[in-house]
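Novice:
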Amino acid sequence: MRAVKLSAKVLLYPYLFLLAVTAAAAGDNFRINAGTVALDNSSSLDVGGSLGIGAGGALSASGTGGVTISVSGSWEGTGVFSAGDSDVIFYGTGVSTISGNNTFYDVGCTQAGKELHFAGGSTQTVGGTATLTGAEGSFIKLRSASGTQKWYIRFPGGVQGAAYVDVKDASASENPIICSTSLDSGNNNEYWVFKDTTPPAAITVLSASSYSASGEVLLSWTSPGDDVWSGELGTPVDKAQFRIQYETYTAVAWSTGTYDISIDTYAVVPYDSISAVTKLVQETFYYFRIWARDGEASGNWSGLSGGATAWCRIRPGDITDLSSAAEDDGSVTLSWTAPGDDGTSGQIAGGRYRIRWSTVSGTDFNVGTWEDYDDKYSLEFSTDIVPQDTHSFSVTGLHGGKQYYFRVWTRDEDAGANSPGNWSGISSGSTVTVTEVISISVSTDSYNFGGISINSSTTTLTSVDVLNSGNVTQNYSMLIDTITLSDSTSSLWRSTDTSVGHDRFILYGVFHGAQAAPANFDYPNDIIGTVSAACSDTVFSDDDGGGAKQAGSGVPKGETRNLWFRLDMPESITKGGEEKISIRIDSAKE
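Taking this note's numbering, I'd label the letters of the sequence shown as residues 3 to 592.
1. Note down, one range per segment and in chain order, each beta strand (DSSP E) of at least 3 residues found wholly within the segment 502 to 565.
2. Considering only residues of the same chain and omitting the five flanking positions on each side of Glu117, which have a CB-CB separation below 6 Å?
3. Going by other Cβ atoms of all chains shown within 10 Å of its Cβ, with 16 needed for buried, is His504 buried or exposed?
4. What are the boundary residues of the beta strand (DSSP E) that includes Thr433?
5. If you scan the segment 107 to 160 from start to end, which runs of the alpha helix (DSSP H) of 4 or more residues do you find wholly inside it?
6. Would you tell me roughly how many angstroms separate the C-alpha atoms of Val279 and Ala174, rounded to the nearest one?
7. Beta strand (DSSP E) containing Asn177: first to last residue?
8. So the candidates are Ile508, Gln405, Asn457, Gly418; which of them puts its Cα closest to the Cα of Thr286?
9. Tell me where the beta strand (DSSP E) around Ser212 begins and ends.
10. Does the count of Cβ pairs from the segment 347 to 358 and the segment 286 to 300 closer than 8 Å reach three?
11. Quick check on Lys197: buried or exposed, where buried means 16 or more other Cβ atoms within 10 Å of its Cβ?
12. So Met480 is in the beta strand (DSSP E); what residue range does that whole segment cover?
13. Is the CB of Ser538 under 8 Å away from at least one CB in chain C?
14. Assign Gly139 to one of two classes, buried (16 or more other C-beta atoms within 10 Å of its C-beta) or exposed (fewer than that).
15. Within 10 Å of its beta-carbon, does Ser448 have 16 or more other beta-carbons around it, so buried, or fewer, so exposed?
16. From what residue to what residue does the beta strand (DSSP E) around Asn2 run?
17. Apart from the five residues on each side of it in sequence, which residues of its chain come closer than 6 Å, Cβ to Cβ, to Phe344?
18. Could you tell me which of Thr460, Val444, Val82, Thr498 sits nearest to Gly472, measuring between CA atoms?
19. Apart from the five residues just before and just after Trp231, which ones in its own chain have a Cβ nearer than 7 Å to its Cβ?
20. Within the same chain, show all residues whose beta-carbon is closer than 6 Å to that of Ala327, passing over the 5 residues directly before and after it, in chain order.
21. If you compare alpha carbons, which of Glu415, Gly342, Lys577 is closest to Leu487?
22. From Gly402, Gln517, Trp495, pick the residue whose C-alpha is nearest to that of Gln476; which is it?
23. Can you name, in chain order, every residue of its own chain whose Cβ lies under 8 Å from the Cβ of Met480, other than the five neighbours on each side?
24. Kindly identify the DSSP beta-bridge partner or partners of Gly402.
25. When we look at the beta-carbon of Asn457 and count the other beta-carbons within 10 Å, is it buried (16 or more) or exposed?
26. Could you check whether the segment 373 to 385 touches the segment 461 to 469, counting it as contact only if at least three pairs of C-beta atoms, one from each stretch, sit closer than 8 Å?
27. Among Asn104, Ile71, Pro178, which one has its Cα closest to the Cα of Thr80?
28. For Leu185, which residues does DSSP report across the bridge?
29. Looking only at its own chain, which residues have a Cβ that is under 6 Å from the Cβ of Trp425, when we skip the five neighbours before and after it?
30. The beta strand (DSSP E) with Tyr379 in it runs from where to where?
31. Ser84 and Phe120: beta carbons closer than 8 Å?
32. Just to confirm, is the Cβ distance from Asp323 to Ile350 under 8 Å?
33. Can you give the Cα-Cα distance for Gly51 and Ser74, rounded to whole angstroms?
34. Quick check: what's the CA-CA separation for Ala28 versus Leu185?
35. Give the range of the beta strand (DSSP E) segment to which Gly79 is assigned.
36. Just to check my reading of the structure: Thr260 and Gln247 have Cβ atoms closer than 8 Å, yes? What is that Cβ distance to the nearest angstrom?
Structure, rendered in structure tokens:
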């Protein structure tokens with residue numbers, strides 16, 4: 003029963019008006035244009051219409067014992083409202099519009115079908131509890147009073163709950179408000195969390211693999227969605243969760259309540275690849291299962307995942323002292339201290355080393371293709387390993403003058419449960435510049451033309467193969483070094499580069515991929531004289547005869563050139579005999 007009833011449209015002048023009553027009511031509107039109205043001693047104010055606090059007015063609800071303010075209509079908060087620990091309740095079936103930036107303590111509405119409209123751009127603060135509860139089929143509507151302009155509400159007092167509400171154009175902050183059996187009508191931020199009842203799908207793709215020296219297992223899986231396989235899992239303020247359980251035996255009561263690992267997450271897209279690492283007891287076989295939850299507010303757990311198993315292996319330790327030294331022959335010798343089967347202990351029978359090198363600074367040695375022998379290459383070889391022994395390996399066939407970067411890995415045995423073996427992590431790096439080697443080798447040191455008539459011409463039937471046996475690209479040059487008789491005594495023969503004559507001959511040379519005919523030897527580019535001449539694309543080279551052109555210049559390491567000769571005999575000779583013409587082939591770095 004109300005003790006006092008306040009008449010409608012009361013005008014309060016600038017003085018303190020104290021309502022020290024147990025209950026007060028205003029059947030229509032209640033407005034404070036000036037002065038302060040103070041509610042004290044567990045007072046209550048019931049406004050059957052709208053409550054207005056004008057720019058010059060103030061309403062104080064900071065009385066002892068708590069104050070209740072009930073409003074059926076709108077709330078205008080232009081002036082000062084001191085909430086204390088009061089409770090503001092909106093009731094009635096009409097639309098209530100809240101304007102101004104107000105700070106409430108407790109505020110609520112339990113009137114099914116009620117509409118609360120908030121001035122666009124306004125900010126309401128709830129320091130205590132917000133109670134918003136409609137009914138099934140008759141939601142409380144929370145809307146902007148300014149079209150689709152956002153309205154704002156702060157919850158510094160903690161996480162809030164709501165049920166049977168229909169929300170639009172709202173931006174909450176500081177703490178989320180969990181809305182059960184409610185409707186998200188759009189343009190709301192992530193602090194409005196709408197609880198659903200559809201769980202994520204059970205994870206079907208789960209794998210487990212051991213990968214570290216300290217007994218860690220890498221778990222990988224394909225994530226479901228918020229609702230089966232659709233919708234992102236979790237938000238920054240309502241995080242989703244994965245729970246992982248593992249055991250060392252098969253008779254397991256798998257349950258989200260007996261999990262071993264939990265991972266909070268958000269914004270996870272369906273079909274994303276997720277991974278996690280867990281450290282377990284080493285040298286043990288493990289069984290794994292996983293569940294997904296769509297958010298703390300909804301709390302819907304997926305079904306049990308498919309299973310994964312892993313032998314929790316221990317890999318060899320990483321090599322930390324890799325060194326490299328360039329040798330005079332152009333090779334590089336690598337040296338390191340061997341790790342063990344488990345970290346740095348235990349012998350390895352049937353282990354393996356992997357060595358990779360690159361000429362590219364900053365190379366990621368763990369990815370990419372490693373089959374380019376010139377610039378990036380990987381090789382493996384089997385070995386038995388005793389921990390702390392010094393191991394070495396010689397790498398040959400490298401490019402002289404280039405800088406190389408090296409890394410090494412170790413693998414333990416691949417037998418039994420340890421199959422396919424455990425690779426160590428990447429070693430420390432070592433860098434070295436390869437010594438340049440300039441060298442050639444020839445397939446034969448002599449060619450016998452046999453008996454030849456004077457004033458005739460002949461060509462070689464087989465080539466002399468010249469191999470670049472160095473490690474840099476090379477250019478060749480040629481000359482006639484000596485002309486003697488077969489017993490190395492003096493000869494009367496002389497080389498000429500013009501025309502044959504008495505005891506005068508012409509010797510040609512040409513690099514060519516096929517047998518060279520006399521027409522393949524060009525005058526004067528292919529004449530070999532007693533003065534060294536450098537090979538080039540046109541000197542000692544010919545592209546006649548089926549496109550098998552070769553050149554003695556720009557010869558890459560490891561490549562062979564086929565050298566052919568033509569001998570034009572003297573027109574006449576002083577005496578017959580077996581002559582020996584020595585050819586010298588020189589090489590130099592390109």
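Quick reminder that beta carbons are idealized off the backbone N, C-alpha and C, glycines included.
Since this is a predicted model, take the numbers as computed values, not measurements.
Specialist: Quick answer:
1. 506 to 513
2. Val97, Lys143
3. exposed
4. 432 to 435
5. none
6. 36 Å
7. Element bounds for Asn177: n/a, residue is neither H nor E.
8. Gly418
9. 208 to 212
10. no
11. buried
12. 476 to 487
13. In the displayed structure, chain C is absent; only one protein chain is listed.
14. exposed
15. exposed
16. Only positions 3 to 592 of the chain appear in the structure, and residue 2 is not among them; the question remains open.
17. Residue identity differs from the one stated: residue 344 is Asp in this sequence, not Phe. For Asp344, where only same-chain residues beyond five positions count, the Cβ hits under 6 Å are Ile316.
18. Val444
19. Ala203, Pro272
20. Thr335
21. Lys577
22. Gly402
23. Gly511, Ile530, Ser534, Ala535, Cys537, Phe542, Gly554, Ile585, Arg586, Ile587, Asp588
24. None; Gly402 has no bridge partner.
25. exposed
26. no
27. Asn104
28. Asp168
29. Trp411, Arg413
30. 378 to 387
31. no
32. no
33. 5 Å
34. Bear in mind that a pLDDT of 41 at Ala28, under 50, signals an unreliable position, so the model cannot answer this.
35. 77 to 79
36. 6 Å
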